[in-house]
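Peer 1: Residue numbers (UniProt numbering): 1 to 394.
Think of the CB as a built atom: it goes at the ideal place given N, C-alpha and C, for glycine as much as any other residue.
Got a structure for you, questions after.
See the structure below:
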């Protein structure tokens, strides 16, 4: 019997976009440390990206990664398969993955598919969901060349500008509609994309997500306060875009919330612009950020549960996830809506142990996380002996 007096019971949160850095960069994160951060954040299931070292682009590497997760992850896990210009056979043959990840613009790692003919070939062959990092590589290269004489992190959102995002999103949508291929657009960042998506027919072919940092942080303030800690791809933008993203989420144009948890060490982030890597941690603070918004009457608890649990489970057709019902998996989180805590670097479960929200007081926190009926997080401590299960995709 669990005494939950004064607490609120929710289905476990699902983070549909994380980079837990294993294999290849365990100094930043691995499947164990990342899953511990997830558990502490009330996240009971995650979907991890393929831009590892080596990248997960074959069935063999996928099997190896699933084995690592089975040995190490304290919460439930699923994986994307990475697309390259020449692994179409592997993409269509791999079993039980949440989707195919395409980097239309270069980011962390060396997975890039920017040739329109290759993109068309992937979209036109197969039926599995395709998730895109939508930034146009030609625009990124052109802007980088134009601004190459300036080394300042505040240029990041000018190099990776709105036009790069919109151009790539439009191309992905065109291919999705042309070939009737299920498309998920990762981490939207612009008002321009939201306006474009509003004009599309509302059918179940195309879905989208937003990261909390893209509607809670804004430029230039975030760069002035955080420097390269605020550098990510696609970038944080101005308040106009942040407000538009929040409105699109509220209006149902954006379907779910993901963190794009992509940690780098503080030492890596302290390098000059151009050398400092892009990405920030987020899986441990996303639910608290949203519960704080509920407390400030910006949204309802029901909306948060939909955006962070029910909707990702539906979009990726996860079996047994996303709701509290008889027959569903016992993935649950107890939250204390009155609890106030301040986010502190050095007090987190992610291996890099920093957050862009350091010093921010939030009201509403997960206090107990249950995965498959087992308590994995309680009173600030993770039970590192618990193991999650591989998510089954319909």
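1) Since residue 340 is in the alpha helix (DSSP H), which residue starts that stretch and which ends it?
2) Shortest alpha-carbon distance to residue 266 belongs to which of 364, 41, 28, 328?
3) Give me the Cα-Cα distance between residue 191 and residue 1, rounded to the nearest whole angstrom.
4) For residue 86, count neighbouring Cβ atoms within 10 angstroms of its own Cβ and tell me buried if that reaches 16, exposed if not.
5) Can you check DSSP and say which residues form a bridge with residue 65?
6) Quick check: residue 45 and residue 257, are their CB atoms within less than 8 Å of each other?
7) Is the beta carbon of residue 229 less than 8 Å from the beta carbon of residue 269?
8) Suppose the cutoff is 6 Å on Cβ atoms and the five residues either side in sequence are ignored; what does the same chain contact list for residue 235 look like?
9) Take the Cβ of residue 370 as the centre, count every other Cβ of all protein chains shown within 10 Å, and call the residue buried at 16 or more, exposed below.
10) Mapping DSSP to helix, strand and coil, what is residue 274?
11) If I measure Cβ to Cβ from residue 280 and keep anything under 6 Å in the same chain, skipping five residues before and after, which residues do I get?
12) What residue from 237, 63, 208 has the CA that sits closest to residue 248's CA?
13) Among 70, 219, 147, 181, whose alpha-carbon lies nearest the alpha-carbon of residue 121?
14) Name the DSSP bridge partner or partners of residue 365?
15) Within the region 198-245, note down every full alpha helix (DSSP H) run reaching 4 residues or more, in order along the chain.
16) Below 8 Å, how does it come out for the region 63-80 and the region 45-55: are there three or more Cβ pairs, yes or no?
17) In or out: residue 149 buried (at least 16 other Cβ within 10 Å) or exposed?
18) If you compare alpha carbons, which of 337, 352, 147 is closest to residue 344?
19) Decide if the region 308-320 is in contact with the region 60-73; the criterion is three or more beta carbon pairs, one per stretch, under 8 Å apart.
20) Give the secondary structure of residue 127 by DSSP, where H, G and I count as helix, E and B as strand, and everything else as coil.
21) If you follow the alpha helix (DSSP H) that residue 78 is in, where does it begin and where does it stop?
22) Starting from residue 374, follow its DSSP beta bridges and name the residues at the other end.
23) Assuming residue 153 contacts residue 227 (C-beta within less than 8 Å), just tell me the rounded distance between them.
24) What whole-angstrom Cβ distance do residue 242 and residue 214 have, given they're in contact under 8 Å?
25) Would you say residue 7 and residue 287 are within 8 Å of each other, going by their C-beta atoms?
Peer 2: Here's the rundown:
1) Premise fails: residue 340 lies in the beta strand (DSSP E), 332-342, not in any alpha helix (DSSP H).
2) 28
3) Taking the straight line joining both Cα atoms gives about 48 Å.
4) Exposed is the call here.
5) DSSP output for residue 65 lists no bridge partner at all.
6) no
7) yes
8) 156, 157, 160
9) buried
10) coil
11) Contacts found: 232, 356.
12) When 237, 63, 208 are compared, the shortest CA-CA separation from residue 248 is found for 208.
13) 181
14) 336, per the DSSP bridge assignment.
15) 212-216, 221-226
16) yes
17) By the neighbour-count rule (16 or more Cβ atoms within 10 Å), residue 149 is not buried but exposed.
18) 352
19) no
20) coil
21) Where residue 78 is concerned, there is no enclosing alpha helix (DSSP H), although the beta strand (DSSP E) it sits in stretches over 76-82.
22) 371
23) The Cβ separation is near 6 Å, so the contact holds.
24) Correct: roughly 7 Å between the Cβ atoms.
25) Not in contact: residue 7 and residue 287 (Cβ atoms no closer than 8 Å).
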